[in-house]
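Step one of this worksheet: look at the structure below.
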Amino acid sequence: MSTLSTSITYDESTSLVMMTLRGVVSAEDVIKTYQRANTYAMNYKSSKLLIDVTELEHDFAAIDIVSLMPKVAHALHNIKLARVVSFDGYMHDLFLQKAKRFGITVENFDCFKTAKNWLSNTN
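As structure tokens, this is what we get:
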């Protein structure tokens with residue numbers, strides 16, 4: 009059962025869209041969340057998304073990443089993505105691997121500040 013809580017903001021000083029996700033997420037939630045993030049970024053003419061998923065649990069099998077990634081990749085085709093992930097992150101590593109195969113500029117970090125610095129310094 010999905011119990012997703014989402015917070016999204018825009019930092020004008022760095023031109024970053026920042027999003028925090030908490031709770032339990034389904035595969036469909038992942039797709040919708042990245043689509044919303046893309047829409048939000050387009051509204052602010054931003055191409056950089058910083059997403060914190062340290063307090064997020066996945067309620068779907070790892071194999072589902074294979075089928076959801078084309079839809080996520082479509083939503084992120086013009087976005088550079090930094091993800092702050094929890095220590096227990098094989099699903100996060102799998103997401104990263106599949107996203108890179110779709111040509112998405114993405115990195116996982118264990119520190120918000122490091123993620124923000126990386127994203128702020130990418131063109």
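Residue numbering for the sequence shown follows the numbering used here, starting at 9 and increasing by one per position. Idealized CB from N, CA, C, for every residue including glycine. These numbers were taken from a predicted model, which means no experiment stands behind them.
Under the three-state reduction of DSSP output, Ile112 falls in the coil class, being neither helix nor strand.
Look at Thr17 here: in three-state DSSP terms it is strand. Across the structure, Val33 and Asp67 are spaced so that their CA atoms are roughly 6 angstroms apart. DSSP places Thr47 inside the alpha helix (DSSP H), whose first and last residues are 35-51. Beta bridge pairing from DSSP links Lys56 with Lys88. For Thr122, the enclosing alpha helix (DSSP H) covers residues 120-128.
In this structure, the beta-carbon distance from Asn116 to Val93 falls below 9 angstroms.
In this structure Phe103 is buried. Its beta-carbon is surrounded by 16 or more other beta-carbon atoms within 10 angstroms. For the set Thr41, Tyr48, Ser13, the Cα lying nearest the Cα of Gly31 is the one of Ser13.
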